[in-house]
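Student:
In this note's numbering, the protein residues as written are -2 to 138.
#1: Just the C-alpha distance for residue 132 and residue 28, rounded to the nearest angstrom, thanks.
#2: Which whole runs of the alpha helix (DSSP H) in the segment 17 to 78 are 4 residues long or more, in chain order?
#3: Work out the CA separation of residue 103 and residue 79 for me, nearest whole Å.
#4: Using 8 Å as the threshold, is the C-beta distance between residue 106 and residue 120 below it?
#5: In three-state terms, what does DSSP make of residue 99?
#6: Output the distance between the C-alpha atoms of residue 23 and residue 118, rounded to the nearest integer angstrom.
#7: Leaving out five residues on either side along the sequence, give the residues of the same chain with a beta carbon under 7 Å from the beta carbon of residue 65.
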């Protein structure tokens, strides 16, 4: 029994304000609730309270990088099944393999397109956002 009908919550963790805002805008327009964090420490502090349904994590961040952040999320019993998508401007085989080793579910290369980010979300949260029907609703509003 679901007590909440709110849209799925997605966390975007990136030290780049531009990337956070871009991802936030694309995901909100698609009907998702978005929370952001500037680095791994901020993300870990928010995850326990906000319980996101999915997390995008940049690899190259100060203090706690994306690999370390992902490993800490996946080693927590409460969040080990939460999908973690690595974001990186690096698209090498080594980087992707390292992401898999720490438990990431997928790897998206920056800069990403709207289609790439939404496909990543929809592969783990099928039909989760309400954005697909938002355009149809505008015509009747």
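Each residue gets a CB set at the ideal place from its N, CA and C atoms; glycine is no exception. Just so you know, these numbers come straight off a predicted model, no measurement behind them.
Tutor: Reading from the atomic positions:
#1: Note that residue 132 scores 39 on pLDDT, short of 50, meaning its location in the model is unreliable; the coordinates nonetheless yield the value given after this. Each residue's CA atom was taken as its position, placing residue 132 and residue 28 some 11 Å apart.
#2: For the segment 17 to 78, whole alpha helix (DSSP H) runs of length 4 or above, ordered along the chain, are 37 to 47 and 63 to 71.
#3: Residue 79 and residue 103: Cα-Cα distance of roughly 12 Å.
#4: Between residue 106 and residue 120, the C-beta spacing is not below 8 Å.
#5: Coil at residue 99, not helix or strand.
#6: Taking the straight line from one Cα to the other gives about 11 Å.
#7: Residues of the same chain with a CB within less than 7 Å of the CB of residue 65, apart from the 5 flanking positions on each side, are 37 in chain order.
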